[in-house]
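Here's what the structure looks like:
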């Protein structure tokens, strides 16, 4: 009984779904299209239909399902209420209750997708074995998730872990996507590091492997830095400074045991961990020194793994 | 049965003790001297003797005591282990276990004093009715406590909530007491605001009520600002900027619902709340705006109230 659970990760274009045994083994995973017609009203019915279909396919009875966890690309409070989700066309409603109604399964929980991914990495990824984890996702933007005692800190209105919008530069003149100025996201996201590189290149006339590239990317910058390119190294140092200094300040609030770095930019690997940790140790309060910095391990599965973990109590 | 509990707040010179009913009513409070002889080994036996004495005086049997909560001026982990406490001469040992042995009362919990005071303010003070609270104590230093779901976030090694050592100025050349540079404590503590004032006075030759005072204090600065003194107002603005900006960054991590400001500097009152909140709203991410800023209400009792709360589950 109660051997299985579902982890659902709703994104703007696809919904990733995983069927898990309650010890965290993936039995099956698949995707359905995110149907945004009719103000996003079709998304949950279609997801639930897909879950029912999978149960039939696998011969799993409803009472063998421990629960359904759901990650949503917007703020979600502890009761499972999503507080508007622009990407999907959603207003404010209780996602968990809705899915419970549609499936007849009582144990349904929902969380913000970045927070849920952090939970996944805590459970089976880079943060495995730790209860106090800070996850930072360096993608198009900078996302975050704070895990305390093995559970997500959601904040009062589901907006904890928004560390991409921590102000790290009060002198910044360009605006962040959020409209404010000097957010961590402006320097540490995939697009941010490219902007930083363009500034560094403009201030110098040194030869560099990353100069005059139309499609300059975070990957190109890290690759050049690994080859010893001076200006590329300066870009990586600046990224490391912002992230290391931000993590040292985060430590004064929640003192995590491990910092897990994920997202596309983290494909740069150990060079990224090293530069962040070096700057972290420089700024950390003495009681916060010597923490672990690790790469995320679950990639795109972090969302479905963390969603499953929402409904599993060990 | 189990109608009472003790809250103990161990300080460097006195130990404050409260006898409470489990609904939070203070039955009695008193102090004993902190006896630091013999490496602080006499402190806990003397405190426990004082508890036994009070029970006899009041005719309270041991099995009427729900538990004993203890605040300690140093880092304490979730198991009640204090990790060196320089002020008291203590090394690393389990305070909770020790008090349990000495009294024969099983339910003993210990926490860091600033965190425990935050818990007290959450329970019966400025944060009453809220589960997500950030407490900032502006005294000789700047202390903090983060309350999540009605409980203290202690951090991996008992050093969460050290927000006085959040770096807020990377250009600072003077050192903080901790040896690092640019800590919030350097600008927002009672001594910090006086240093800020001296810098502001030195840069200007305007007449000011706070100029040429041998014993310039935070109180004098706030009093002058309330009278409209321009340079004093500038000092208060700078204090508000640092605290408001720090709170906006803390919100990106844990999104508290209410910020409770205590300590000697908070006697300045509403002028302090207003200036912090004004700067907070300027820097807060949109999802974090419109939070409450309140003054602490329990004064010196916050420690014993919070300590009592450590052992009461409602």
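Protein chains in written order, with our numbering: chain E, -1 to 312; chain R, -1 to 312.
Note that beta-carbon positions come from the ideal geometry of N, C-alpha and C, so glycine has one too.
Quick caveat, the model's predicted, so the values are computed rather than measured.
| Check | Outcome |
| --- | --- |
| With 7 Å set as the bound, which would you pick, yes or no: does the beta-carbon of residue 112/R sit closer than that to a beta-carbon of chain E? | no |
| Let me check you understand the geometry: is the CB of residue 40/E closer than 6 Å to at least one non-hydrogen atom of the ligand ADP? | In the structure on display, the ligand ADP does not appear, and there are no ligands present to speak of. |
| Taking Cβ positions only, does residue 277/E come closer than 7 Å to chain R? | no |
| Determine contact between the stretch 100 to 118 of chain R and the stretch 141 to 152 of chain R, defined as no fewer than three beta-carbon pairs at a distance below 8 Å. | yes |
| At a CB-CB cut-off below 9 Å, which residues of chain R make contact with residue 255/E? | 153, 154, 155 |
| Could you give the distance in angstroms between the alpha-carbon of residue 232/E and the alpha-carbon of residue 239/E? | 10 Å |
| With a threshold of 7 Å between beta-carbons, can residue 164/R be considered close to chain E, or not? | yes |
| Where does residue 59/E sit, in a helix, a strand or coil, going by DSSP? | coil |
| Using the three-state DSSP reduction, which class does residue 280/E fall into: helix, strand or coil? | helix |
| Identify the continuous alpha helix (DSSP H) that holds residue 37/R and give its terminal residues. | First-last for residue 37/R: undefined, no H or E at that position. |
| In terms of residues, what are the limits of the alpha helix (DSSP H) holding residue 21/E? | Neither: residue 21/E is in no alpha helix (DSSP H) and is coded neither H nor E. |
| Hey, out of 51/E, 177/E, 187/E, 60/E, whose CA is closest to residue 259/E's CA? | 187/E |
| Residues in the same chain with beta-carbon distance under 6 Å from residue 192/E, minus the five sequence neighbours each way, listed in chain order, please. | 214 |
| So, does the CB of residue 74/R fall closer than 7 Å to a CB anywhere in chain E? | no |
| What runs of the alpha helix (DSSP H), each 4 residues or longer, lie entirely inside the stretch 213 to 270 of chain E? | 216 to 224, 228 to 252 |
| To which residues does DSSP link residue 168/E through a beta bridge? | According to DSSP, which records beta bridges pairwise, residue 168/E is partnered with nothing at all. |
| Expressed to the nearest angstrom, what Euclidean distance is found between the alpha-carbon atoms of residue 234/E and residue 140/E? | 16 Å |
| So is residue 307/E buried or exposed if we call it buried at 16+ other beta carbons inside 10 Å? | buried |
| Decide if residue 69/R is buried, meaning its Cβ has at least 16 other Cβ atoms within 10 Å, or exposed. | buried |
| Considering residue 113/E, what are the terminal residues of the alpha helix (DSSP H) in which it resides? | 111 to 122 |
| Roughly how many whole angstroms lie between the Cα atoms of residue 226/R and residue 245/E? | 39 Å |
| Tell me, which residues are paired with residue 174/E by DSSP? | DSSP output for residue 174/E lists no bridge partner at all. |
| Going by beta carbon distance, what residues of the same chain come within less than 7 Å of residue 18/R, once the five residues before and after it are set aside? | 2, 3, 5, 24, 25, 306 |
| For the beta strand (DSSP E) holding residue 6/R, just list the boundary residues, first then last. | 2 to 8 |
| So with CB distances below 8 Å, who are the chain A contacts of residue 248/E? | Judged by its chain identifiers, the structure shown contains no chain A, and its protein chains are E and R. |
| If you reduce the DSSP assignment to three classes, tell me which class residue 163/R lands in. | helix |
| Tell me which residues of the stretch 267 to 296 of chain R have at least one Cβ-Cβ distance to chain E shorter than 7 Å, keeping chain order. | 281, 283, 284, 285, 286 |
| Does residue 381/R come within less than 7 Å of chain E when only Cβ atoms are used? | In the structure as shown, chain R starts at -1 and stops at 312, and residue 381/R therefore has no counterpart that could be examined. |
| Which stretch, first to last residue, makes up the beta strand (DSSP E) that contains residue 198/R? | Segment 188 to 200 is the alpha helix (DSSP H) holding residue 198/R; no beta strand (DSSP E) there. |
| Please classify residue 257/R: is it buried, with 16 or more other beta-carbons within 10 angstroms of its beta-carbon, or exposed? | buried |
| Listed from N- to C-terminal order along the chain, which residues in the stretch 127 to 144 of chain E have their beta-carbon within a distance smaller than 7 Å of any beta-carbon of chain R? | 130, 144 |
| Could you confirm whether any beta carbon from chain E is found closer than 7 Å to the beta carbon of residue 150/R? | no |
| Using a Cβ-Cβ cutoff of less than 8 Å, which residues in the same chain neighbour residue 149/E once the five nearest sequence positions on both sides are dropped? | 117 |
| Cutting at 8 Å between CB atoms, please list the residues of its own chain near residue 171/E, excluding the five before and the five after it. | 179 |
| Below 8 Å on the Cβ atoms is my guess for residue 277/E versus residue 250/R; work out the distance and round it to an integer in Å. | Not confirmed; about 19 Å, so no contact. |
| Please work out which residues of its chain come closer than 8 Å, Cβ to Cβ, to residue 81/E, disregarding the five sequence neighbours upstream and downstream, and give them in chain order. | 72, 73, 74, 75, 90, 155, 156 |
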